[in-house]
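Number of protein chains: 2
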Amino acid sequence: MNNFTFYSPTYFAFGREMEKEAGNLVKRFGGTKALIHFGGGSVVRSGLLDRVKASLEEAGVSYVELGGVKPNPRSGLVYQGIELCKREGVDFLLALGGGSSIDSAKAIAAGVLYDGDFWDFYSGKPIEKALPLGTVLTIAAAGSEGSPDSVITKEEGMLKRGASGDAIRPKFSILNPALTQTLSPYQTACGITDIMAHLYERYLTNTAEVEVTDRLIEALLLTMIHEGPRVIADPDNYEARANIMWAGMMAHNNSCGVGRSQDWNSHNIEHELSAMYDCAHGAGLAVTMPAVFRYVMDHDVMRFAQAAVRVWGCQMDFAHPEETARAGIRALQNFLISIGMPKNFQELGAKKEDIPQLVKTLCYGDGRQGSISGFVELKEEDCAKIYEMMV
Amino acid sequence: MNNFTFYSPTYFAFGREMEKEAGNLVKRFGGTKALIHFGGGSVVRSGLLDRVKASLEEAGVSYVELGGVKPNPRSGLVYQGIELCKREGVDFLLALGGGSSIDSAKAIAAGVLYDGDFWDFYSGKPIEKALPLGTVLTIAAAGSEGSPDSVITKEEGMLKRGASGDAIRPKFSILNPALTQTLSPYQTACGITDIMAHLYERYLTNTAEVEVTDRLIEALLLTMIHEGPRVIADPDNYEARANIMWAGMMAHNNSCGVGRSQDWNSHNIEHELSAMYDCAHGAGLAVTMPAVFRYVMDHDVMRFAQAAVRVWGCQMDFAHPEETARAGIRALQNFLISIGMPKNFQELGAKKEDIPQLVKTLCYGDGRQGSISGFVELKEEDCAKIYEMMV
Chain A
0 MNNFTFYSPT YFAFGREMEK EAGNLVKRFG GTKALIHFGG GSVVRSGLLD RVKASLEEAG
60 VSYVELGGVK PNPRSGLVYQ GIELCKREGV DFLLALGGGS SIDSAKAIAA GVLYDGDFWD
120 FYSGKPIEKA LPLGTVLTIA AAGSEGSPDS VITKEEGMLK RGASGDAIRP KFSILNPALT
180 QTLSPYQTAC GITDIMAHLY ERYLTNTAEV EVTDRLIEAL LLTMIHEGPR VIADPDNYEA
240 RANIMWAGMM AHNNSCGVGR SQDWNSHNIE HELSAMYDCA HGAGLAVTMP AVFRYVMDHD
300 VMRFAQAAVR VWGCQMDFAH PEETARAGIR ALQNFLISIG MPKNFQELGA KKEDIPQLVK
360 TLCYGDGRQG SISGFVELKE EDCAKIYEMM V
Chain B
0 MNNFTFYSPT YFAFGREMEK EAGNLVKRFG GTKALIHFGG GSVVRSGLLD RVKASLEEAG
60 VSYVELGGVK PNPRSGLVYQ GIELCKREGV DFLLALGGGS SIDSAKAIAA GVLYDGDFWD
120 FYSGKPIEKA LPLGTVLTIA AAGSEGSPDS VITKEEGMLK RGASGDAIRP KFSILNPALT
180 QTLSPYQTAC GITDIMAHLY ERYLTNTAEV EVTDRLIEAL LLTMIHEGPR VIADPDNYEA
240 RANIMWAGMM AHNNSCGVGR SQDWNSHNIE HELSAMYDCA HGAGLAVTMP AVFRYVMDHD
300 VMRFAQAAVR VWGCQMDFAH PEETARAGIR ALQNFLISIG MPKNFQELGA KKEDIPQLVK
360 TLCYGDGRQG SISGFVELKE EDCAKIYEMM V
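Those sequence lines, one after another, are chains A and B. Just so we're aligned: the first sequence equals residues 0 to 390 in numbering that gives the first Met the number 0. Just so we're aligned: the second sequence equals residues 0 to 390 in numbering that gives the first Met the number 0.
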């Protein structure tokens with residue numbers, strides 16, 4: 000196990016009706032004037048926005064609003080949010096929604112206290128300070144409610160890039176599983192896939208002797224395998240949604256990823272797809288992961304065999320571990336298809352002829368030098384082959 | 000799953016030589032004058048105390064020292080520590096050692112800012128404020144490095160009681176697995192047992208639909224089963240110690256215990272043993288747990304069968320689930336014996352004739368009304384039978 004530091008100081012309020020605590024929590028963490036940041040209709044239609052506003056008013060916290068966050072959130076709205084916060088003297092960001100709203104709010108929080116272009120943070124500059132931030136989560140997926148990470152897409156060139164820093168970890172996150180009951184089965188399945196990807200990205204490590212984090216990751220994958228089909232079959236299953244929601248947070252606050260190298264190649268390869276086609280990140284991952292895993296499997300057959308046996312319940316083929324490894328990847332893909340995820344480029348809306356462009360942006364975007372690194376270093380030709388396997 | 004809040008803001012610095020960061024971390028969390036609080040010889044002999052003092056000096060943090068913490072830490076030293084802190088103007092507690100040093104430091108931290116008798120907190124009064132506190136952990140066991148809990152024994156009547164509050168959660172904890180390499184196999188095994196007990200106490204729940212926390216608890220138990228025998232066989236195995244150390248923290252910061260009722264009857268029943276005989280808490284738990292589990296098994300046979308199958312690798316006996324449940328408890332006890340733990344009163348140094356006194360203190364101590372509650376409510380006669388099963 001490698002040396003590490005771990006710091007997850009977010010206060011989580013989990014359960015039915017917990018959004019009523021939003022006002023008290025903003026106040027507790029020092030906010031006097033909040034920017035409520037959200038996406039579109041569902042937060043309004045469900046009445047969540049009104050309930051949160053009532054809670055802020057009751058706690059004596061004033062607010063301004065900025066809606067319009069889109070999936071794969073854009074830099075344009077971030078610039079708008081930064082201006083608005085400066086003009087209005089906002090001292091707290093309150094994101095309502097999923098990873099998109101939260102990531103956009105994180106970018107604004109960092110940008111308000113920075114003199115330069117906030118995009119610097121998404122090009123590698125460390126985030127040193129940010130306005131405090133809280134969240135009311137409406138989809139279990141990105142894990143942004145408990146993470147120090149944010150992913151934003153820059154309209155020019157459709158570059159999708161991440162930034163990270165303890166300063167943008169939420170001070171509090173409100174997780175009410177009932178708020179996720181209005182999601183479509185497709186959105187729910189995209190979230191499940193994203194959570195599973197966060198777990199696999201950590202599972203694929205080159206660090207030896209990491210039994211505790213291996214076991215924790217496997218535990219969360221087993222939870223998704225148990226609860227995923229239940230919630231797809233019955234969207235109103237509060238209990239299944241609750242288990243998925245806590246697993247989604249634990250999958251990405253890094254308590255199960257500490258002290259080990261991680262992969263993140265599937266995320267990098269997928270980001271080009273959702274940037275170019277504006278497809279759902281989870282759907283892109285469902286197509287990307289099996290291809291990546293098949294391509295890199297030989298790098299550590301036993302690791303894939305371990306996942307197959309411990310997570311997917313495959314029998315170990317001691318004479319042919321690679322058969323077991325393959326069976327595990329097949330089981331993953333079959334599971335994702337069974338919950339309604341796409342299996343190839345066509346179902347995703349991606350095009351074979353775009354592969355050269357995808358590879359170019361992937362391997363040379365934002366200062367990369369012709370490859371991406373992770374569990375295995377992938378050069379241009381590797382990435383091209385992986386995209387071709389997805390066709 | 001029940002509604003819950005979860006807040007674990009401790010900064011963890013994990014790995015080799017991390018104790019060198021002690022000074023910087025005290026400063027980062029606002030300390031200018033620390034009380035270094037520790038037990039006896041090992042912290043001195045190993046050179047840890049000197050290294051920590053050097054780190055504080057380098058960071059410009061002054062300090063006073065108070066050693067002498069005993070296992071099952073006593074109220075007498077807490078009173079001394081409170082006086083010392085007040086007299087010296089200490090503004091930060093730095094505990095070196097295991098759960099005993101940390102719990103004693105937590106009691107001092109709360110007592111310094113309180114006008115009354117600190118024991119009030121161990122009789123049910125909520126802790127509202129405390130001096131900030133950091134730890135340098137030298138044994139993986141109590142989980143106090145990441146928990147809001149403290150257990151102290153009052154000399155009068157040898158009452159062993161707990162207190163809890165976010166104010167006494169450590170601001171930082173330094174976990175260097177190499178510092179645990181000097182522990183005897185017996186101490187190491189006691190720590191392993193304590194960690195496993197923290198997991199079982201959470202596993203035994205009456206809350207339905209808790210797949211995610213069930214799986215996380217099982218993951219940590221599987222880690223202990225894998226790493227425990229390795230570290231007993233080879234005390235210098237850094238990697239096994241590292242896995243156990245992170246598992247020990249995760250087992251007790253409650254990330255795997257949220258949203259579910261918990262048991263804690265084994266801890267309560269054991270506390271009377273370590274209070275009366277001053278035996279190691281882990282050793283007491285090794286004798287207590289199998290007896291308690293056999294006694295309460297019928298309350299939820301399927302829960303014990305699940306542990307047997309998922310954790311201990313037992314085959315499910317679908318016609319006779321109680322056989323599987325029993326096999327799991329037997330596997331637990333055999334495991335604990337295999338790492339050197341006692342199996343009965345005699346090996347523990349406890350006496351059958353003391354059972355009436357043990358039951359009385361247990362069921363009527365500190366305001367209890369003739370029973371203890373948890374997974375199952377246990378009355379006097381139940382507790383007597385359980386102690387008798389341990390003879």
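Cβ coordinates follow ideal geometry from the N, Cα and C atoms, glycine included.
(Q) I'd like to know whether the C-beta atoms of A/Ala-218 and B/Arg-214 end up nearer to each other than 8 Å. (A) In this structure, B/Arg-214 lies closer than 8 Å to A/Ala-218 by Cβ.
Q | Residue span of the beta strand (DSSP E) that contains A/Lys-170, given as start and end | A | That residue, A/Lys-170, is in no beta strand (DSSP E); it is neither H nor E in DSSP.
Q) Using the rule of at least 16 other Cβ atoms within 10 Å of the residue's Cβ for burial, across every protein chain shown, is A/Arg-86 buried or exposed? A) Label assigned to A/Arg-86: exposed.
Q. Which term fits B/Ala-129, buried or exposed, when burial requires 16 or more other beta carbons within 10 angstroms of its beta carbon?
A. With 16 or more Cβ atoms within 10 Å of its Cβ, B/Ala-129 is classed as buried.
Q: Under 9 Å between beta-carbons, which chain B residues line up against A/Glu-238? List them in chain order, please.
A: Per Cβ cutoff of 9 Å: Met-0, Ala-207, Glu-208, Val-209 and Glu-210.
**Q.** Min CB distance B/Thr-4 to chain A below 8 Å
**A.** Chain A contact via Cβ: present.
Q: Let me know the secondary structure DSSP gives A/Ser-146 once reduced to three states.
A: Of the three classes helix, strand and coil, the one that applies to A/Ser-146 here is coil, per DSSP.
Q) When the Cα of A/Phe-344 is compared with those of A/His-319, A/Tyr-276, A/Glu-321 and A/Met-296, which residue comes out closest? A) With distances taken between Cα atoms, A/Phe-344 lies closest to A/Tyr-276.
Q) Under 8 Å, do A/Met-395 and B/Ser-254 count as touching if we go by C-beta distance? A) Lying outside 0 to 390, the shown extent of chain A, residue 395 of chain A is not represented and no answer is given.
(Q) I'd like to know if A/Phe-317 contacts chain B, where contact means its C-beta is closer than 8 Å to some C-beta of that chain. (A) No, A/Phe-317 does not count as interfacial toward chain B.
Q. Who are the Cβ neighbours of A/Leu-55 in its own chain at under 7 Å, not counting the five residues just before and after it?
A. For A/Leu-55, where only same-chain residues beyond five positions count, the Cβ hits under 7 Å are Ala-21, Gly-22, Val-25, Ala-33 and Tyr-62.
Q: Output yes if chain C places a C-beta closer than 8 Å to the C-beta of A/Phe-11; else output no.
A: Included in the structure are the protein chains A and B, with no chain C among them.
Q | Closer than 8 Å to chain B by CB, A/Glu-392 | A | Nothing in the structure corresponds to residue 392 of chain A, since chain A is present only between 0 and 390.
Q. What separation, rounded to the nearest whole angstrom, lies between the Cα atoms of B/Ser-122 and A/Cys-84?
A. Taking C-alpha positions only, B/Ser-122 is separated from A/Cys-84 by approximately 48 Å.
Q. What number of angstroms, rounded off, separates the C-alpha of B/Ala-421 from the C-alpha of B/Arg-302?
A. With chain B covering only 0 through 390, there is no way to say anything about residue 421 of chain B.
Q.
Rounded to the nearest angstrom, what separates A/Thr-134 and B/Ile-167 at their Cα positions?
A. Going from the Cα of A/Thr-134 to the Cα of B/Ile-167 covers about 26 Å.
Q: Would you mind sorting B/Asp-262 into buried or exposed? The rule is 16 or more other CB atoms within 10 Å of its CB.
A: Looking at its Cβ environment, which holds 16 or more other Cβ atoms inside 10 Å, B/Asp-262 is buried.
Q: Report the rounded CA-to-CA distance for A/Asp-297 versus B/Pro-147, giving the unit in angstroms.
A: Cα-Cα distance, rounded: 45 Å.
Q. Are the stretch 355-372 of chain A and the stretch 200-215 of chain A touching, with three or more C-beta to C-beta distances below 8 Å?
A. At 8 Å Cβ cutoff, the stretches do not touch.
Q: Note down, in chain order, every chain B residue with its Cβ under 8 Å from the Cβ of A/Asn-242.
A: Listed along chain B are Met-0, Glu-208, Val-209, Glu-210 and Val-211, each with a C-beta nearer than 8 Å to that of A/Asn-242.
Q) Is there at least one Cβ from chain B nearer than 8 Å to A/Thr-179's Cβ? A) No, A/Thr-179 does not count as interfacial toward chain B.
Q.
Between A/Met-428 and chain B, is the shortest Cβ-Cβ distance under 8 Å, so that the two count as touching?
A. Past the edges of chain A, shown from 0 to 390, lies residue 428 of chain A, and the structure says nothing about it.
(Q) I need the straight-line Cα distance from A/Gly-281 to A/Tyr-185, nearest angstrom please. (A) As the crow flies, the alpha-carbon of A/Gly-281 is around 10 Å from that of A/Tyr-185.
(Q) List, in chain order, every chain B residue whose beta-carbon is nearer than 9 Å to that of A/Arg-259. (A) Within 9 Å Cβ-Cβ: nothing; A/Arg-259 doesn't reach chain B, min ~11 Å.
Q. Would you report the Cα separation of B/Val-291 and B/Ser-337, rounded to the nearest angstrom?
A. Distance between the alpha carbons of B/Val-291 and B/Ser-337: 20 Å.
Q.
Please list, in chain order, the residues of the stretch 215-230 of chain A that have any C-beta partner in chain B closer than 8 Å.
A. Close to chain B, meaning a Cβ-Cβ distance shorter than 8 Å, are the following residues of the stretch 215-230 of chain A: Leu-215, Glu-217, Ala-218, Leu-219, Leu-221, Thr-222, His-225 and Glu-226.
Q. Of the residues A/Ala-349, A/Val-60 and A/Phe-37, which one's Cα is nearest the Cα of A/Gly-97?
A. Ranking A/Ala-349, A/Val-60 and A/Phe-37 by Cα distance to A/Gly-97 puts A/Phe-37 first.
Q. From B/Leu-284 to A/Ala-326, what does the alpha carbon distance come to, in whole angstroms?
A. The alpha-carbon atoms of B/Leu-284 and A/Ala-326 are separated by roughly 42 Å.
Q: Measure how close the beta-carbons of A/Glu-210 and B/Glu-226 come, nearest whole angstrom, since I'm counting them as under 8 Å.
A: A/Glu-210 to B/Glu-226, Cβ: 6 Å. Contact.
Q. Where DSSP assigns a beta bridge to B/Val-135, which residues make up the other side?
A. Per DSSP, the beta-bridge partners of B/Val-135 are B/Leu-95 and B/Ile-173.
Q) When the Cα atoms are used, what is the spatial distance from A/Val-43 to A/Gly-66? A) One Cα belongs to A/Val-43, the other to A/Gly-66, and the distance between them is close to 10 Å.
Q: Anything in chain A within Cβ reach of B/Ala-246, meaning under 8 Å, just list it in chain order.
A: Neighbours of B/Ala-246 across chain A, judged by C-beta separation under 8 Å: Val-211.
Q) Can you find a C-beta in chain B that's less than 8 Å from the C-beta of A/Pro-8? A) For A/Pro-8, the answer is yes, since a Cβ of chain B falls inside 8 Å of its Cβ.
Q) What residues in its chain sit with their C-beta under 7 Å from that of B/Pro-341, if we drop five residues either side in the sequence? A) Counting only Cβ-Cβ distances below 7 Å, and skipping sequence neighbours, we find Ala-282, Ala-285, Val-286 and Leu-347.
**Q.** Cβ-based neighbour list, B/Val-111, same chain, cut-off 7 Å, excluding 5 preceding and 5 following
**A.** Ile-81, Cys-84, Lys-85 and Leu-130, listed in sequence order.
Q) A/Ser-254 versus chain B: which residues are under 8 Å apart at the beta carbon? A) By Cβ distance, chain B contributes Met-249 and Ser-254.
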